[in-house]
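Residue numbers (UniProt numbering): 1 to 107.
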């Protein structure tokens with residue numbers, strides 16, 4: 001068991017809309033600044049120790065990257081630290097901003 005679930009865009013959007021869900025964008029800061037999913041928080045490896053302590057381990061955690069690969073790395077880490085409801089978004093930001101997805105947000 002991986003400790004996390006890989007999910008598609010529709011399911012990711014539904015979970016992200018729930019109260020208390022943390023939405024993490026693990027792309028680099030430049031990509032995040034150019035556009036991201038509304039409500040997402042940009043995080044990198046250096047922030048992981050603080051996030052593991054800061055975030056609720058019982059709240060849903062939806063993680064996305066560029067295409068859905070790096071998010072699995074982060075999802076495994078959170079699951080290994082006892083987070084119970086961890087999701088990695090298949091297709092990542094590229095899929096999320098697709099024609100059937102919500103519009104991206106930019107600063």
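Every residue gets a Cβ at the ideal spot worked out from N, C-alpha and C, and that includes glycine.
All of these numbers come straight from a predicted model, not from anything done at the bench.
Integer-rounded CB distance, given that residue j should sit under 8 Å from residue i
i	j	result
residue 56	residue 64	In fact, because the Cβ distance is near 19 Å, the residues do not count as touching under 8 Å.
residue 30	residue 60	Actually they do not touch by this definition, with Cβ atoms about 27 Å apart.
Contact check, residue i vs residue j, beta carbons under 8 Å
i	j	result
residue 78	residue 89	no
residue 41	residue 25	yes
residue 44	residue 68	no
Residue i versus residue j - alpha carbon distance
i	j	result
residue 38	residue 6	20 Å
residue 80	residue 98	31 Å
residue 51	residue 75	12 Å
residue 48	residue 96	23 Å
residue 73	residue 34	23 Å
residue 66	residue 9	13 Å
Other residues of its chain near residue i: CB distance less than 7 Å, five sequence neighbours each side excluded
i	result
residue 83	57, 61
residue 32	25, 42
residue 94	66, 67
Spatial neighbours of residue i in its chain, beta-carbon cut-off 8 Å, leaving aside the 5 residues before and after
i	result
residue 15	7, 21, 60, 62, 87
residue 12	62, 64, 87, 89, 96
Beta-carbon contacts of residue i that lie in its chain and below 6 Å, excluding the five residues immediately before and after
i	result
residue 3	79
Original post:
Counting only runs that start and end within the UniProt domain "Rhodanese" (17 to 103), where is the beta strand (DSSP E) found for 3 or more residues in a row?
Top reply: Taking only runs of at least 3 residues, the beta strand (DSSP E) segments lying wholly in the UniProt domain "Rhodanese" (17 to 103) are 22 to 25, 61 to 64, 86 to 89.
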